[in-house]
Each structure stands twice: as structure tokens, then as C-alpha cells.
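Novice:
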Amino acid sequence: MKQHFLLAFLFFIPFLAISQTVKNHGSFVENFEDSTSSYFRYGSTGTKASFKYELGANSPSEPGTKILSFKIDPEDRAGAGRGPEIISKGFTHFGTYSARLKVPQVRDIQPNLGAVVGYFTYHVDSVAGLSEIDFEWLPADPTVIYVGTWTGGQSGKLKRIGRTINLAKGIIYETTYREGHAGTRIPLTGEQNQPETIGAIPDFDASSTFYTYGFDWFEDRIRWWIKRPDSDEKVVLWDYHGSSRGIPQNRTHYRMNFWHTDSWSVETNPQSIEKPLQPYQMEVDWMSYDPFGNK
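Residue numbers -19 to -1, 1 to 276, in mature numbering (1 follows the signal peptide of the UniProt record, and there is no 0), belong to the letters of the sequence shown in order.
If you want it as C-alpha cells, here you go:
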């Protein structure tokens, strides 16, 4: 009996050690002013080109600002995670997330570029499944913003709630739920479709200047927003509530990435899946996280 207990204890020790090293982040602001980060690690699975990622770089578009610089490698294959990516060292959970960033300006150079900028959370738990909340931009049309979540995936299909917005025109293309990447898109209504309309931000272009974006992740709702550059006023892009479906419950990792897609074209240009011709650059001024309580 003692031998069985000893074997079980020795088997458990590695898992105990791992669990003790994985911590939840407290509140932080990462300004990317230094060459290293206390909160993020580099996590690209693509080429090892050193130019893809630089902390504390000088912003080419805003003199005096230090940034996280992401450059896409034309040699990288298509796929999320192959381009430059940062991942939080610890876990994050319910709270307010925000970032100030500028996506690459490519439309005059390669209007059919197939690329994605992702500002998001992502973690797959062995029991609870996927926990993802995202902002995404396709630089082929930087007036369009994609927001949503992915959940599920362990005991059934992945589930997506999502909204696609043209913020320069004040158009909501869709607010839907689907199962799997190719599932039928079911329009969301009522409390799950708020606000039902969005006013345009004149001349909005995510590649023209820095904007501050964020989301508030509650246990029973998620609210995505942007700040107007002229007034610092928050504009709510989507306040999803009234259903638990699609709201992640398990903790996650905080991330930013930039990658080539050869299968996802932007809403306004079905041809935008070309391989990058140049090492286009995106800029991140800062990222912040402020958890709600201790949960």
C-alpha cells in the first residue's frame, strides 16, 4: 500500500510543479519601451527571421514613440501563429483589455494582400475547451473590423459569435452565431445584437494612425469598444449579453499577432488572399490588462 502511495505521489509531483509555475497576471501596462518584456514572450511558429519582432523600436509613423514592431516575412507560409506573435507569460481572465496600435498600410502597394492582424486572447483547456476573444483586421481594407469569440471544441464543435463592422461607413455587415468554421451563420437578435446600429467614425482607417481598442470581459457579457481619436470617447462596437452562449469562462493567454492568410479575404475584397510581397510592418504602442477582482 505504501509503495502504491509513493508511486502515485511521485507521479503527481511534475503536475504540481507545473501548476505552481503558471500564474494569473495582475493589472499591468506594457509600453514596449525596453528590449525585453516582463509580461509577454515571443511565440511565432514560422520562420526564425530576426526582423519579424522587435521591442523598443522607434515608431516610423509617430516620432518619439517606442513600439512593438511586427514585420511579416514573405517566406512564411499561411497560417495563424506563423507570423510574429506575442503571448502573455501568465494567464488572464475576466477584466478590461486595451491596446493602442496601428495596422500596416498596404492598399496602395498590394491591395490584394492576404494578411490578418489579431489582438486577442487564446487558450485551449483540456476540459473547458477553447477560450478566445478577438479583434481582427485584414489590412486589405483597414476600415473593416471583425470582433467575436470562439468557445467549445472539447466535447463538440467550435462555436463562434461574431460581428463584422465597416466603421468608416457605419455599417454592420453581420452579427451571427455558427458552429465550426463553415457552419451556417444564424443572425443574432435582441440583447445579443446591441447596439443594432453604429455611427460612422469619419475617415476611420486602422492603418492611417494609432487607435485605442479594447474589450471588457465579464462572466455574463462582453463589450468591444474603440476610442475616438479626437475626444477619447468610447464607442461601443458590440455589447453582447442576454445569453451565456459564446462567452468564454476559463482563463486564457493575452496575445497579439500578424500573419498571412490564403483563404480568408476581407469583406469588401474577395481577391485579398495574396502572399505578402514585402515585410509589411504593424506597430503596437502599448497593451494593458486590468482584472475584475481575484477570480
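Note that the Cβ used here is the ideal one computed from N, Cα and C, for glycine as well.
Counting only the same chain and skipping the five closest in sequence on each side, list residues whose C-beta sits under 6 angstroms from that of residue 127.
Specialist: Counting from one through the sequence shown, the residue named residue 127 turns up at place 146. Closer than 6 angstroms at the Cβ level, and outside the excluded window around residue 127, lie 117, 145.
Novice: Alpha carbon to alpha carbon, what distance is there between residue 156 and residue 172?
Specialist: Sequence index remark: in the sequence shown, residue 172 carries index 191 (1-based). Sequence index remark: in the sequence shown, residue 156 carries index 175 (1-based). About 12 angstroms.
Novice: Identify the continuous beta strand (DSSP E) that holds residue 156 and give its terminal residues.
Specialist: Counting from one through the sequence shown, the residue named residue 156 turns up at place 175. Residue 156 -> beta strand (DSSP E) spans 152 to 160.
Novice: Measuring alpha carbon to alpha carbon, tell me which of 257, 112, 121 ends up nearest residue 226.
Specialist: In the sequence shown, the residue the question calls residue 226 occupies position 245. Comparing Cα-Cα distances from residue 226 to each of 257, 112, 121, the minimum goes to 112.
Novice: Could you tell me the boundaries of the beta strand (DSSP E) in which residue 147 lies?
Specialist: As a first step, residue 147 is located in the sequence shown; it is residue number 166 there, counting from the start. First-last of the beta strand (DSSP E) with residue 147: 139 to 147.
Novice: Please name the residue or residues paired with residue 198 in a DSSP beta bridge.
Specialist: Residue numbering aside, residue 198 sits at position 217 when the sequence shown is read from its first letter. Answer is 76, 203.
Novice: Looking at the structure shown, is residue 265 part of a helix, part of a strand, or coil, going by DSSP?
Specialist: Indexing the sequence shown from 1 puts residue 265 at position 284. Three-state result, residue 265: strand.
Novice: So, with DSSP's three-state summary, where would you put residue 32?
Specialist: Sequence index remark: in the sequence shown, residue 32 carries index 51 (1-based). In this structure, residue 32 counts as helix in the three-state DSSP scheme.
Novice: Assign residue 238 to one of two classes, buried (16 or more other C-beta atoms within 10 Å of its C-beta) or exposed (fewer than that).
Specialist: Along the sequence shown, read from residue 1 onward, the residue named residue 238 stands at position 257. Flag for residue 238 reads buried.
Novice: In the DSSP assignment, the beta strand (DSSP E) including residue 23 goes from what residue to what residue?
Specialist: Sequence index remark: in the sequence shown, residue 23 carries index 42 (1-based). Counting along the chain, the beta strand (DSSP E) containing residue 23 begins and ends at 21 to 23.
Novice: How many angstroms separate the CA atom of residue -4 from the CA atom of residue 5?
Specialist: Here residue -4 refers to the residue found at position 16 of the sequence shown. Here residue 5 refers to the residue found at position 24 of the sequence shown. Note on residue -4: pLDDT 37, under 50, position unreliable in the model; the coordinate value appears next. Spanning the two alpha carbons is a distance of roughly 16 angstroms.
Novice: Are the CB atoms of residue 272 and residue 76 nearer to each other than 8 angstroms?
Specialist: One-based indexing of the sequence shown puts residue 272 at position 291. One-based indexing of the sequence shown puts residue 76 at position 95. Contact flag set, yes.
Novice: Near residue 7, which residues of its chain fall below 6 angstroms by C-beta distance, leaving aside the five closest residues on each side in sequence?
Specialist: Here the question's residue 7 lines up with position 26 in the sequence shown. Nothing listed; no residue qualifies.
Novice: Determine the direct distance from the alpha carbon of residue 143 to that of residue 206, and round the result to whole angstroms.
Specialist: Along the sequence shown, read from residue 1 onward, the residue named residue 206 stands at position 225. Along the sequence shown, read from residue 1 onward, the residue named residue 143 stands at position 162. Spanning the two alpha carbons is a distance of roughly 14 angstroms.
Novice: Closer than 6 angstroms by C-beta to residue 263: which residues in its own chain qualify, once you throw out the five before and the five after it? Chain order, please.
Specialist: Counted from its first residue, the sequence shown places residue 263 at position 282. Excluding sequence neighbours, residue 263 sits near 51, 84, 85, 98, 239.
Novice: Who are the near neighbours of residue 215 in its chain, counting only those whose CB is closer than 7 angstroms to its CB and skipping five residues on each side?
Specialist: In the sequence shown, the residue the question calls residue 215 occupies position 234. Correct list, in chain order: 206, 208.
Novice: Counting beta carbon pairs with one atom in the region 217 to 233 and one in the region 189 to 202, are three or more of them shorter than 8 angstroms?
Specialist: Touching, yes.
Novice: Could you check the C-alpha separation between residue 220 and residue 274 for me, to the nearest Å?
Specialist: One-based indexing of the sequence shown puts residue 220 at position 239. One-based indexing of the sequence shown puts residue 274 at position 293. Rounded to the nearest angstrom, the two C-alpha atoms are 21 angstroms apart.
Novice: Can you tell me whether residue 276 is buried or exposed? The criterion is at least 16 other CB atoms within 10 Å of its CB, across all chains shown.
Specialist: Position 295 of the sequence shown, counting from 1, holds the residue named residue 276. In this prediction, residue 276 has a pLDDT of 43, which is less than 50 and means its spatial position is unreliable; nothing more can be read from the coordinates.
Novice: Comparing C-alpha positions only, which one of 124, 158, 91 sits nearest to residue 257?
Specialist: By 1-based counting over the sequence shown, the position of residue 257 is 276. Ranking 124, 158, 91 by Cα distance to residue 257 puts 91 first.
Novice: Cα separation between residue 178 and residue 150?
Specialist: Here residue 178 is taken as the residue at index 197 of the sequence shown, counted from 1. Here residue 150 is taken as the residue at index 169 of the sequence shown, counted from 1. For residue 178 and residue 150, the distance between alpha carbons rounds to 11 angstroms.
Novice: When we look at the beta-carbon of residue 19 and count the other beta-carbons within 10 Å, is it buried (16 or more) or exposed?
Specialist: Locating residue 19 in the sequence shown gives position 38, where the first residue counts as 1. By the 10 Å Cβ count, residue 19 comes out exposed.
Novice: Along the chain, which unbroken stretches of the beta strand (DSSP E) at least 3 residues long are found entirely within the region 49 to 96?
Specialist: List check, beta strand (DSSP E) in window: 66 to 69, 76 to 83.
Novice: State yes or no: is the C-beta of residue 95 within less than 8 angstroms of the C-beta of residue 241?
Specialist: Counting from 1 along the sequence shown, the entry for residue 95 is found at position 114. Counting from 1 along the sequence shown, the entry for residue 241 is found at position 260. Yes; because the gap between Cβ atoms is below 8 angstroms, this pair is in contact.
Novice: Determine the direct distance from the alpha carbon of residue 243 to that of residue 270, and round the result to whole angstroms.
Specialist: The residue given as residue 270 occupies position 289 in the sequence shown. The residue given as residue 243 occupies position 262 in the sequence shown. Spanning the two alpha carbons is a distance of roughly 32 angstroms.
Novice: When you compare the CB positions of residue 138 and residue 132, do they come within less than 8 angstroms of one another, or not?
Specialist: To locate residue 138, count along the sequence shown from 1; it is residue 157. To locate residue 132, count along the sequence shown from 1; it is residue 151. Result no, Cβ atoms of residue 138 and residue 132 do not sit closer than 8 angstroms.
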